[in-house]
Structure formats: structure tokens, C-alpha cells
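Visitor: Mind looking over this structure? Questions follow.
Chains as they are written, first to last, in the working numbering: chain B, 1057 to 1722; chain V, 9 to 301; chain X, 726 to 902.
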């Protein structure tokens, strides 16, 4: 083998601490090295040309570059080598920057270490074999899980590019929390007015298969080749026959048993229902937990009045499989419930605010429903307890957020903005009303956000008090709010008619379960985790699965939409070619040695190891061995470390190569 | 059932009737409490306020005594003593260094495994059934505001007792003996505590607020589980009358006094006649009838 | 030479920078209206290094130790314990205490414990009244209390008085300044 060694000074980065010329000279004496040189910037075009020229002139079939981390330029140098006609996997990097010049000060010691590292790389390259990237076919369809604004945006982006999308939403209608909002900051656009056109677009789009009232049961496969099983829950209504006339809902005798989830329990709905009038699809479902028919078989009013004969009590849940190449997770958030009923609340805390005890102490989404023209009070400000118009409303920020003791230590990001919005909406409708906001800090970092909050304070007369509230209790029909203004250093007590708590945004309760089903990591809060918080924020560490929206972390609508489009773009990158290329440095099982203990299968974090039957010519089973699916394998090497018989090796990092590196030291 | 009894300094003085009624009721229930021999101040109030180590050591001495005298459980009827003993025990158990220091000072090993209980927990241990069996009088005319005060339910992660914001354990006991309870706002609001002597006006104001909130919610009696709370709510009504000309008296009973009344004991037996604000059971009935008319 | 910050950290085992000055403690403090500086301000003084202001405040003495603040603090900062330690350091460093009556009460109280092992209420009242010169408050209550036997005329001395003496000596609480 003829090896060339190229030592980069990296400007001053390496050159200041390592005597690169000396390293190059020393390398020239290593066995099999026929050419050794140093240069100021090896990754630059002239630098790369040196490599390419040397390959040609000296007929090199192995290259070692002493440079910065492989993370930076391994691709660069491999491409240069490939351009010169040599297999890119016959190029190895010795990291002389992060491993030497950035961590050592003594020039002598550093140079000695650099020489050693180059020696290791040379020994490794001697045992490298030419490898080709693994090609995996791609199914050019996308699954979007979640039909809120994030899911809708992602689905539309992918579908408009011409690829098929399957959009799965667990509620009977798409729209998510955005459809519950009254107006959105900072423009005060009517939320449903800007959302429903998108919802309809999704429904009518020829490339989007919309499955509502459905949930993802299982996900198998790997990037470009997922097989997803979706459970379509029984609506008990035939979607093809239903015309959305609404007669069944009108005639349903169950009027006061079920709380409307859409109206955040401020109103009732019937047993057969559509969550809200603008629901997409406008096809009702039956809530079997309150429906008389399902409880004791004694009512079938809806079936009787339906002139399309669309109601079927015998309908069953259905399991449907879909093949997709990419998955976008957009399952959104919910609000932290802090009421005292233990079976309903997640964290027992904030008893001092009386949420759940007092009807007029409500959370942000409930306020949105009251303020909304399509809500239980038709947009008039009426308090839940007695329907009177509140003349004094107190808004409290940071309930459950920035709270180590009874909540979550993170900031929920949107509350400062939506509280300002709430106060403004109230003041716009109730001119003589008083609005007070108790805050710790104001976080208004988006476009036109700070101006929005100033408008609330300066133009709409909302009174901001810097300090937290200790307690709320009821006295003579009013709610005594005990707070403190820390700026003036005075206690503040307000007798409010209504209190609105800006409760924390939290991950959906089933998020961790879903993450386990799909195979993506999640953090202690249930939020899904990205590969790199700065540079790869919309990808999960499972190839082909992308994240969009509040299921990742608290964020507002423009950020959700941006993230959704980004995730869609990432998915479409996969569809750019018919075959996906993957790094060939994956694990491989030597089937002759493998004893079939499958310890490797147990420790593989990527479910990349399968059981393979070895049969004789007659089809009889001889033994079962492990088999690595090179489409899923991420090359972590855990199987190699675990295998008792050393039958599974990591290509490109075989035991032989590693021992050779170590031996080179002596 | 032999539970250790740590009376605390006020049981022989200003809270004599607490001790009296407790012993009477326990006797009736055939439940034994045995006084801790040679107990001393627990370190609450002034010790805890001026020197942390002193309060630890004073508590430590009593904890050591309890262990030496073989008590697995020990009742501290005063909420301040209960709280101080628990907090000290918790700190000793969580820091070997601190424990070693205190053990050296009190010259005795402290295991820290005695269960310190308050008056409500005591009756919970005896059990609703046993208490119900012994009820003779109908107390339904009483509308009780159960006042927990500060130190029975806080800090929750050390007491692990009831709920720090909305406790209900006292109400359950009060209902068991047949009295009614009211839903009110100031269950755990501070009465002013030890400021009773040196800053009396604070106590008078805070206690007045508590009494008025109880009254607004329909209470005609307040039940307490701590001698400090009782002094502030009961004895200080004299000063309240001077400060607030229209102050109308509100009787304040200790929990065992209430239970004793249900069992058929009278005011004198229970020591209720030692209160500042008079409380006569049949008279109370008459008074409330007057009000409705 | 230990700094006051170190002293506070040592006694409370808490980090003052945890407090983000939200004011929830002050909002719920029952004694708040009687305090010159709110409880959260005392923590702020320590954060800013204004130790003299903190040690000389009346707030730390007016604190009733009701634990409302510590229970509700979102940062799990034990403010009540923090107040205890600032108080203790004020005493150690001989800071002039604003609330003289309160301090005299504590001295009178502790002196009973030291001498008898338990509170001798008459002794407490006697010492307190002599120290403050406040001879006449509660004078109306006194006869009533005596008649009801609620104020014992003679102190009860515990047997283990030596152990109490030892406790006071070892914890360095002599004749409190």
C-alpha cells in the first residue's frame, strides 16, 4: 500500500502548538508512507489540490490527513480523494487540533503526541478496505402526526410539492389549540378566520389523506421505509354518507352530561357531537361514555332522525397500514392543570390560587373561549359563576412556569404575550373595566411583540404590577388577590371579579408513550428531543423522523409554522432522490461465528438487529443468527462491545484496526 | 396503646385546660398517654429565633429522652413544639455531621426514629369508630371553623401531614363528633404567634381578621389545635374589644374540649371555664335562636 | 475571616442567588404591613452585598416564623430559615436590633429555660416587664389568669438542669447580648 500523509497547520490553530513540519518529516519514515508534506490550509482548494496531485503522482492508495476534527472536514478530504480516483474510505483523519493543539500547551509534548496520532492513523489506513455507501430505496410519502397548525402547515408544504401526505389527528377535527383562540398576537387577527381556510385546504387537497379521530398504533422500519399502523377509531358515523347537517346533535337527548372539550369545560355538548361548528371534517362522533345507547341500549334518536342513514352503532375501530418514507411529529401541547381534583390534575400544587375551587379563577384557554365570538358566551365577557360582566380582572403570569417547586423550571414563552392580548381584548370590549397583570418579567422577543405589550400598557391602560401573587380567596362574591409590587416595595391587594391564570405549556400527557412507539427520544418533561439544539433543531435522532411545533418546546404560532415548514423541507430532502445514501460504517455479523444469543439485539438502541434464519437446501432451519439492517444501523458499536463471541464487527472500525492503532504506540 | 406525651411549656400554665381536657378524653377512650419524664423546652419560639444550634440541642435532648424511655410515638399537643421537634429530627437525620454535634452536646445517642405526632394525628390513630362509640351529646348546633394555624401543616415535605393549603383532617374529626363545619378562608393564616407579648397589636389585628372571616362564613365557634393559637384567638379578645368597639365575642375551643363535650363532659370538667371568652353549651343554643328571630 | 455570605450559606445551606425576587413571599407574609422592608428585599440586600442594611432591619425580627413564604416560594428557597440565620448573624456581630421589645422578650424567655429547663411564665413576664419598663399592659388580664391558676407562682425545675446548662454553654448562648 502506498500512503500519503498531509499535515495541516490550520493557520495558527495547530501550527502554533504543533511543529507540523517535524510531524510531516517523521511521518515520512513510517512504513508504507511514500509521500509526506505539511501545508497552512489543507482544506482550502490549493490544499486539496496538493492531495489530488500527490495521489496521481505517487499512485497513492491510502491517505492520512492530520487536521482538525473529522466532524469538520472528513467529508471534504474524502471527496478530494474520491475526485482523484481513490475510494473515499481509504482516507483517514488524525485530529491534531481538538486532540492536540487545543488541549496541550507544551510544544514538545504536543508535537510528540501529534506524531503518535498520525502513526495510529497510518496503521489504521493500512487495514482499511474500500467501502461503498449503502443505498436504501425511499417511499416518497410523508406521515404527519397531529393536525394542529404545525401539522397542517407541514402537510400543506409537502403536498404542494407534489408528494403524498397522510395526516393523522386524534381529535374528531383538525385545528388544534389555534382553533380555540379568539384572536392572535400581535396582529389581533381572528384566529379561526386565518386558520379555517388552511383546514379546508387540507381537507380538499388531492395529495393529503386526512384521518381524523385516529391514532398511530405502531411504527416499524427505518428512514425512507416506514410501515405505520394507524387505528381509525369508530365514529359510529359513516363518513361517506354523513352530510354534516347537524340534526343528530340537535336531537340528542344528552344535553348536560358531557363537558365540551373545545370550550374547555365552560359549556356542555351532546353525546353525538362535532367539536365546533367549523370542524374539519364536519362529521360527528359518538362519545360512548355518555351515550345512552352504549350504556344501556335504550336510545337511538340520532339514528332515527338521520335522513342519510349514516349512523352505525356497530362500527368498529379499524387498523390501517401506511407505507411512508418520512414522519413529521406535530402533536402539540396542553396547558398545565392545577386544580385540586387529584384524579384530574397532574401536579398537586397551587392550592393557594383556588383553581378548580372557584369558578371564576380560570386559565388562558378558558379565557379565549369566553372572549371568542363562537364561544359559550358569544364573545361577551361574562363570568362563569353568575354570568355577570366582570369589572375587574386580574391576570397572573408564570403559574407553573419558572417554578421549581410546584411546576416546571422552564419559561413557557407565550404567556407574557397572550396575557397582554387578553387584557387588551377585555379593555376593548369593557371600556370601564380594570385589568391588572401580575408579572415577574416581560418576555416579548418577537417581531412587533414589545410594541404590542407597550400598547397594552400605554394605550389600553392595563396596569402591570411586578410581583407574584401569594393567595386568592373569595370574600363577598369577589376574589381577594394578595400580591406585592416589588418595584415600589408595597403590598397590593385587589378585589377582582375574575382571575385568569397563565398556566404553563406542557407536553401532551401521552407524549412519552408516543415517543416510545415511534422510537424517538424525549426529555423529562415529555418534550421530544432534537439532534442538536443549535444546528439541527427539527430533526430527531431517529433518521427520517422530524419534529414540528410545540411538541418540541413552548413556542408561538409563527415559530410553529416556521418549524413545520422546516420539517417539511427536511422530509423533502429525503425525497430528492430515489435512493438514500448512508454511511457504510455499520455493523456486520459474521454468520459463521454467531451463536444466536441475540444479546446484541437487546442492547441495540436503534432496533437495527433482526433475527435471520439460516436454512439448508431443503428449507430446514439450521440456526438463527443476528442480522444487521444496514438501513437502521447508526454504527455506534454497542453490539460489537456486547457480543461474547466477537461475531459482530463495526466496518471501518474493526478490532484488528483498533488493536493495530494501539500497538503502533509501542 | 402507650403513646409518649410531650406536654410543652404551656400545658401547665396558660393552656392548662388543653392538658386537662386531653387527659380526660384519653381516659374515656381507654387510650394511654404517658408523660415524657423530665422533659424540657423543645427549642421553639425564642431559641429557634436566636440560635439554630440551641434549638436543635434543646429538641435533641427531648428526642433522646423519648428514645431512652422507649416511646415509638410521641404526641406534642402544641403545634410549635410538634413542628420544632419534627424539623430538628429531620435535620439530625439528614446530616450525620449535625447529628454528631448534637449528640455530643446532649451527651446521648439519638436514633431519630420516634414518630412525632400532633393532636389531630392522635385522634386519627384512635380512630373514628372508637370516638363515635362514645358520643352522648348532640353538637349539631355548633358551626365550627377549624383553625389549623401555621405550624401543623407546614412545611409539607417534613410533616407529610394533610395539605398545606386546603387541610381537611380537623374537619373530618369535628364532623365525626357531630358538629358541623364551615368552609372558610383563613384556615392556615398566621395569628401572630410569639409576638403576643412584645408586639401585641400585631396579634390583635391578625387574630381579629381570623375571627371575622370565621364569623362571615357562618361559624359560631373556632376549634384550635395549639395553645399559642388559643391564647391569641381567645385571650386577646379582651384587647380586641378595646380596639374594636363593636367586637362580638367568638368562643374558641381546643379540639379535645370539643370531643369531650360530645362525650358528655361539662365545661368545668374540661376546663372550658378557664377560657377568656365564655362558652356555655345550652346558652349557645339560645343565642343562635335569638339571632335567627 | 468568614464573610457574612459564607456565614449565611453555612447556617442555612442555601444559595441566596436562587431568589429571583418575585415577591410571592412578601405578598403572603402576614406581618408584611408592619415591616419597613419587605422580606424579599432582605434577600436582595444580601444578594447585593448590603449586609449592614439586612442585619439592622426590623423585618428579620418581626418575622413570625409562620412558614407561609417557604411553603409557597417557587424556587424552593427556605426564606424562613434564611431569616433565622440573618437574625443569628446579627446577634453574633452585635448589630443594634431595631425591635428592642422583641429582643427583650426573647432574652427573658431564654433566661427562664436556662434557669429552669421549662418556661416559667411568671418569671418570663417579670423579666420582660422589668426590661422594657412596660409594667401596665395586660395588667387587666393578670388577676384573671392568676385566679384560673394559669400562671404558676413557683417555677418547675426539671431534674436535668445540668444538661440544660451544658446545652447553653456548648451552643455558645451565654448571657445573650
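All C-beta atoms in this analysis are idealised placements derived from N, C-alpha and C, irrespective of residue type, glycine included. Since we're looking at a predicted model, the values are computed, not measured.
Flag residue 742(X) as yes if its beta-carbon sits less than 7 Å from any beta-carbon of chain B, otherwise no.
Guide: no
Visitor: Excluding sequence positions up to five away, which residues of its chain have a Cβ less than 6 Å from the Cβ of residue 1063(B)?
Guide: 1076, 1079, 1080, 1094 and 1122
Visitor: Please confirm if residue 193(V) has its CB atom under 7 Å from at least one CB of chain B.
Guide: At least one chain B Cβ lies under 7 Å of residue 193(V).
Visitor: Assuming residue 836(X) is part of the alpha helix (DSSP H), what are its boundary residues?
Guide: 825 to 841
Visitor: Measuring CB atoms only, is the stretch 1436 to 1451 of chain B touching the stretch 1411 to 1428 of chain B, in the sense that at least three cross pairs come out at less than 8 Å?
Guide: yes
Visitor: Could you tell me whether any Cβ in chain V is nearer than 7 Å to the Cβ of residue 1408(B)?
Guide: yes
Visitor: Nearest by alpha-carbon distance to residue 1636(B): which of 1482(B), 1596(B), 1588(B) and 1281(B) is it?
Guide: When only C-alpha atoms are compared, the closest one is 1281(B).
Visitor: Which residue from 1308(B), 1496(B), 1294(B) and 1205(B) puts its Cα closest to that of residue 1338(B)?
Guide: 1294(B)
Visitor: For residue 209(V), return the contacting residues in chain B, with the cut-off set at a CB-CB distance below 7 Å.
Guide: Under the 7 Å cutoff, chain B gives no residues; its nearest Cβ is about 18 Å from residue 209(V).
Visitor: Compare the Cα-Cα distances from residue 187(V) to each of 26(V), 193(V), 243(V) and 144(V) and report the closest residue.
Guide: 144(V)
Visitor: Per DSSP, which residues does residue 1377(B) bridge with? Please list them.
Guide: 1285(B)
Visitor: Anyone know if the C-beta pair for residue 1410(B) and residue 1559(B) falls short of 7 Å?
Guide: no
Visitor: Of the choices 1209(B), 1099(B), 1461(B) and 1365(B), whose alpha-carbon is the least far from that of residue 1264(B)?
Guide: 1209(B)
Visitor: Mind listing the chain B neighbours of residue 758(X)? Cutoff is C-beta to C-beta under 9 Å, in chain order.
Guide: 1547
Visitor: Drop a sphere of 10 angstroms on the beta-carbon of residue 191(V), count the other beta-carbons inside from all chains shown, and report buried for 16 or more, exposed for fewer.
Guide: exposed
Visitor: State yes or no: is the C-beta of residue 1564(B) within less than 7 Å of the C-beta of residue 1387(B)?
Guide: yes
Visitor: Just curious, the alpha helix (DSSP H) that residue 1584(B) is in, first and last residue?
Guide: Looking at the DSSP string, residue 1584(B) is not in any alpha helix (DSSP H), and its letter there is neither H nor E.
Visitor: Please decide whether residue 173(V) counts as near chain B, where near means a Cβ-Cβ distance under 7 Å.
Guide: yes
Visitor: So, with DSSP's three-state summary, where would you put residue 1485(B)?
Guide: helix
Visitor: Strictly by DSSP, which residues pair up with residue 788(X)?
Guide: None, per the DSSP bridge assignment.
Visitor: From residue 23(V) to residue 52(V), what does the alpha carbon distance come to, in whole angstroms?
Guide: 16 Å
Visitor: Verify the CB distance criterion: does residue 902(X) have a CB-CB separation below 7 Å to chain V?
Guide: Unreliable placement is indicated for residue 902(X), whose pLDDT of 43 sits below 50; the coordinate value is still reported in the next sentence. Chain V, which has no Cβ nearer than 7 Å to the Cβ of residue 902(X), makes this no.
Visitor: Are there three or more Cβ pairs, one per stretch, closer than 8 Å when the stretch 1183 to 1190 of chain B is compared with the stretch 1710 to 1720 of chain B?
Guide: Contact holds: three or more Cβ-Cβ distances are below 8 Å.
Visitor: When the distance is taken between beta carbons, is residue 790(X) closer than 7 Å to residue 1540(B)?
Guide: no
Visitor: Counting pairs of Cβ atoms below 8 Å between the stretch 1644 to 1651 of chain B and the stretch 1621 to 1630 of chain B, do you hit three or more?
Guide: no
Visitor: Could you tell me whether the stretch 220 to 228 of chain V touches the stretch 812 to 826 of chain X, where touching means 3 or more Cβ pairs closer than 8 Å?
Guide: no
Visitor: Classify residue 1193(B) as helix, strand or coil using the three-state DSSP reduction.
Guide: strand
Visitor: Look at the Cβ atom of residue 1156(B), then the Cβ atom of residue 1074(B), and state whether they are nearer than 7 Å.
Guide: Their beta carbons are under 7 Å apart, which means residue 1156(B) touches residue 1074(B) by this criterion.
Visitor: From the beta carbon of residue 799(X), is the nearest beta carbon of chain B less than 7 Å away?
Guide: yes
Visitor: When the Cα atoms are used, what is the spatial distance from residue 1402(B) to residue 1473(B)?
Guide: Low per-residue confidence applies at residue 1402(B): pLDDT is 48, beneath 50, and the placement is therefore not dependable, though the value from the model is reported in the following sentence. Going from the Cα of residue 1402(B) to the Cα of residue 1473(B) covers about 25 Å.
Visitor: Would you decide whether residue 48(V) is buried or exposed? Buried here means 16 or more other CB atoms lie within 10 Å of its CB.
Guide: buried
Visitor: Find the residues of chain V that neighbour residue 791(X), judging by a C-beta separation of less than 8 Å, and give them in chain order.
Guide: 158, 159, 162, 198 and 201
Visitor: Per DSSP, residue 10(V) is paired with what?
Guide: DSSP lists 40(V) as partners of residue 10(V).
Visitor: Output the distance between the C-alpha atoms of residue 1646(B) and residue 1685(B), rounded to the nearest integer angstrom.
Guide: 14 Å
Visitor: Looking at the unbroken beta strand (DSSP E) that takes in residue 1094(B), where does it start and where does it end?
Guide: 1089 to 1095
Visitor: For the candidate residues 1699(B), 1555(B), 1061(B) and 1200(B), whose alpha-carbon lies nearest to that of residue 1533(B)?
Guide: 1555(B)
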